Amino acid sequence: MGIIEELSSLVQDALARIPDAADEESLRQISSSSVSPKGFIADFLKKIKEIPAEERRDFGQSVNAAKQQLENAIASRLAEIKQAASSKKDYLDITLEGAPALCGRLHPTTQALRRICDIFVSMGFEVVDGPEIEDEYHNFDALNIPPHHPARDDVDTFYLHGDVILRTHTSPVQIRTMERIEKDEDLLIRIISPGVTYRRDRPDRTHTPVFSQVEGLMVGNGIKLTHMAGVIESFAREFFGPQINIRLRPDFFPFVEPGGEIAVTCPICGGKGCPTCKKTGWVEIMGCGMVHPSVLERQGIPPAKYQGFAFGMGVERITQMLFQVEDSRWFFENDIRFLSQF
Ligand code: DAH
């Protein structure tokens, strides 16, 4: 192959690659291997002295023409690339998806709380509210909790001033309800009261100083322990699923007699035994009992005629069961990665 054919084959090759150069960098590579001082055009110019004198002029012209042709092609491709890049900036593709709008949702505890309330409302209970700032009378005395009871210690209770405290449970709402209602012939109380409660606990996997409870109270003529068991069992099956059983065992709370503690079949292992239920197959979800006669009497409700039951459950614990969350502190840390899973 003669030197001119060699040149022309290299030029054709480079010219063919130019239109395919997608960006400035690939174009710069073509330019560097062809028209730059290190490219093949420069090599050919150096060879000029090897050419017989009478052909040098034509040869020189051919090389320069090739260089010109390549430079023009490169320059016009560069202009195209720049043009494309700048028009891209202004180009609005209306078919693209928009940025996703992040949607807020209810906190898992609120979701569980609403579900609890819905179930009791469907059984005829009314949802009532009570103050978070309480006095010692409603939080303790009226509930038969004597002056020197350990729960009243300021190690356990947040005292604001005098006998004003942050309520340590939702049970004072029982008292406020009994105070408020008319004590007439057809007295019938069916309330639940969800809300926040406070205790001076050091936070760990199962304790936080601020937590939620739902209190329940039913008082009327002829209300028995079996009514309590039935209401609580219906609630538990509606909340956790029909496969759930309840276990009622005696426990002591000063404001109920007899007092009990309710456990449900562990919703996580189905009762087989797992770390959450400490291999027992049961998890305790609430305290309960028949309202103590002296509690009724103090509120002007004659215990010979009216009886009732009460219960109180920890909402975080129940939410933990429902959503199978290991550590209850996560409910308070407001980490979006945690909260967005519910
Ligand atoms: N108030 C109790 C607590 O916070 C829970 C409780 C137990 C509430 C028995 C009740 C009850 O209404 O009858 O530990």
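Residue 5 is where the sequence shown starts when you use the working numbering, and the numbers rise one by one after that. Glycine included, C-beta positions come from ideal geometry on N, C-alpha and C. Bear in mind that the values here come from a model prediction, so they are computed numbers and not experimental data.
- [ ] For residue 253, write down the residues that DSSP places opposite it in a beta bridge.
- [x] Per DSSP, the beta bridge partners of residue 253 are 265.
Task: Environment of residue 345 [buried if 16+ CB atoms lie within 10 Å] - done: Counting Cβ neighbours within 10 Å, residue 345 comes out exposed, since fewer than 16 surround it.
Open item on the list: With a threshold of 7 Å (Cβ to nearest heavy atom), would residue 303 be considered close to the ligand DAH?
Closed with: Residue 303 Cβ: outside cutoff for every heavy atom of the ligand DAH.
Task: Contact check, residue 268 vs residue 250, beta carbons under 8 Å - done: Contact flag set, yes.
Task: Identified DSSP bridge partners for residue 95 - done: DSSP links residue 95 through a beta bridge to no other residue.
Task: Assumed close pair residue 272, residue 325 - CB separation to whole angstroms, cut-off 8 Å - done: The beta-carbon distance between residue 272 and residue 325, rounded to whole angstroms, is 7 Å. This is short enough to meet the 8 Å contact definition.
Open item on the list: Between 111, 244, 302 and 200, which has its C-alpha nearest residue 337's C-alpha?
Closed with: Of 111, 244, 302 and 200, the residue nearest in Cα terms is 111.
Task: Cα-Cα separation between residue 179 and residue 201, rounded to whole angstroms - done: Those two C-alpha atoms are separated by around 16 Å.
- [ ] Express the C-alpha separation of residue 296 and residue 227 in angstroms, rounding to a whole number.
- [x] Approximately 13 Å between the Cα atoms of the pair.
Task: When 262, 282 and 306 are compared against residue 291, the one with the closest alpha-carbon - done: Checking every option, the nearest Cα to that of residue 291 belongs to 262.
Open item on the list: Rounded to the nearest angstrom, what separates residue 220 and residue 194 at their Cα positions?
Closed with: Approximately 8 Å, taken between the alpha carbons.
Open item on the list: Rounded to whole angstroms, what is the Cα-Cα separation between residue 81 and residue 88?
Closed with: When rounded, the distance between both Cα atoms is 11 Å.
Open item on the list: So, does the segment 64 to 83 touch the segment 278 to 287, judging by three or more C-beta pairs under 8 Å?
Closed with: Contact fails: fewer than three Cβ-Cβ distances are below 8 Å.
TODO: Taking residue 84 as the reference, give the member of 212, 238 and 28 with the closest Cα.
DONE: Measuring from the Cα of residue 84, the nearest candidate turns out to be 28.
- [ ] Reducing DSSP to helix, strand and coil, say where residue 142 ends up.
- [x] Helix.
- [ ] Classify residue 278 as helix, strand or coil using the three-state DSSP reduction.
- [x] Annotated three-state conformation of residue 278 is coil, per DSSP.
Open item on the list: What would DSSP say about residue 137, mapped onto helix, strand or coil?
Closed with: In this structure, DSSP gives residue 137 an extended state, which the three-state scheme calls strand.
- [ ] Report yes if the C-beta of residue 197 is less than 7 Å from at least one heavy atom of the ligand DAH; otherwise report no.
- [x] Incorrect: residue 197 has no Cβ contact closer than 7 Å to the ligand DAH.
Task: Local conformation of residue 195 per DSSP, three classes - done: Here residue 195 sits in strand by DSSP.
TODO: Please report how far the alpha carbon of residue 44 lies from the alpha carbon of residue 58, in whole angstroms.
DONE: Roughly 23 Å between the two C-alpha positions.
Task: Status (buried if at least 16 other CB within 10 Å, exposed otherwise) for residue 184 - done: The residue is exposed, with fewer than 16 neighbouring Cβ atoms inside 10 Å.
TODO: Determine the contact status of residue 199 and residue 174, defining contact as a CB-CB distance below 8 Å.
DONE: In this structure, residue 174 lies closer than 8 Å to residue 199 by Cβ.
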